[in-house]
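The sequence shown runs contiguously to residue 210 in UniProt numbering.
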Amino acid sequence: MISFCIGFYKTRKDKSMPIRFSETTLPGVTIVEPQVFKDARGFFLETFHHKKYAQAGIDRIFLQDNHSHSSRGTVRGLHYQINHAQGKLVYVVFGEIFDVAVDIRRGSPTFGKWFGIILSEQNKKQIYVAEGFAHGFCVLSDTADVIYKCTDFYAPEDEGGIFWADPALGIEWPVKNPVMSEKDLNYPKLADVPPDRLPAIAPQYQGKGV
């Protein structure tokens, strides 16, 4: 990953502790490591700061916040919206998950590629997944509480999905017998989705890729 930093702070020990933003192999997917202040009371961190995130390239307005609670082995996904595509900022407040983004944007040089990362209450990392990706996660702890901020509202008439274990994608899920909804289990493979049922790549990402 290519890392860059923004939003330096001065601590009481006079040390600069930056928020870290790391680009991934998929343009539009960014890892965020917030600054965490710890002392005898516990810790404090900013889960979002529009100005700092915008300076790092995540210049988005979030319209809806979601909170999911899931048990071990649960897989949610792979979800996306077609015409009302959602960018998502995802982080874990309790437990641990393996979070996945899949590029399904028509015209993208990285179409069909995926990126995965462990998010947990311990590492406090976040992942920003831009509009046009399919997103999902599986739960590695007994339970997990996940927060995701979305750049558009949930639109059930506009939603789509990709089969979580599509062999052509080759996602290395750390689960064999997941707990899933009937809807998620019946999503098609990526190759079986008509092009007009996939989101288009945004202009700022055209021509970018590995």
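Ideal Cβ placement from N, Cα and C applies to all residues, glycine included.
None of the values given here were measured: they were computed from a predicted structure.
In chain order, what residues of the same chain lie with their CB nearer than 7 Å to the CB of residue i, ignoring the 5 residues before and after it?
{"i": "Pro-195", "result": "Arg-106"}
{"i": "Ala-191", "result": "Ala-168"}
Identify the residues that DSSP records as bridge partners of residue i: which are they?
{"i": "residue 214", "result": "Residue 214 cannot be examined here, being either before or after the span of the chain that is shown, 1 to 210."}
{"i": "Arg-76", "result": "Phe-137"}
{"i": "Leu-89", "result": "Tyr-128 and Lys-149"}
{"i": "residue 216", "result": "For the chain, the structure presents residues 1 to 210; residue 216 sits outside this window and is missing."}
{"i": "Tyr-204", "result": "The sequence shown places Gln at residue 204, rather than the Tyr named in the question. According to DSSP, Gln-204 bridges with nothing at all."}
{"i": "Glu-96", "result": "Ser-120"}
Below 8 Å on the Cβ atoms is my guess for residue i versus residue j; work out the distance and round it to an integer in Å.
{"i": "Asp-90", "j": "Asp-99", "result": "Residue identity differs from the one stated: residue 90 is Val in this sequence, not Asp. Going by Cβ atoms, the distance from Val-90 to Asp-99 rounds to 6 Å, so yes, they are a contact pair."}
{"i": "Ala-56", "j": "Phe-21", "result": "4 Å"}
{"i": "Gly-116", "j": "Glu-172", "result": "7 Å"}
Among residues of its own chain, excluding the 5 on either side of residue i, which ones have a beta-carbon nearer than 6 Å to its beta-carbon?
{"i": "Gly-28", "result": "Ala-130 and Tyr-205"}
{"i": "Gly-73", "result": "Val-175, Pro-178 and Val-179"}
{"i": "Asn-83", "result": "Asp-158"}
{"i": "Lys-189", "result": "Phe-163 and Asp-166"}
{"i": "Val-193", "result": "none"}
{"i": "Ser-141", "result": "Gly-95 and Glu-96"}
Span of the beta strand (DSSP E) holding residue i?
{"i": "Ala-144", "result": "143-150"}
{"i": "Trp-190", "result": "The residue you asked about is not Trp; residue 190 is Leu in the sequence shown. Taken as a continuous stretch (DSSP letters only), Leu-190 belongs to no beta strand (DSSP E), as it is neither H nor E."}
{"i": "Gln-64", "result": "64-71"}
{"i": "Lys-176", "result": "Element bounds for Lys-176: n/a, residue is neither H nor E."}
Over what stretch of residues does the alpha helix (DSSP H) that includes residue i continue unbroken?
{"i": "Ala-54", "result": "50-55"}
>> Count Cβ pairs between the segment 146-157 and the segment 46-64 that sit closer than 8 Å; are there 3 or more?
In response: In short, these stretches touch, since the Cβ pair count reaches three.
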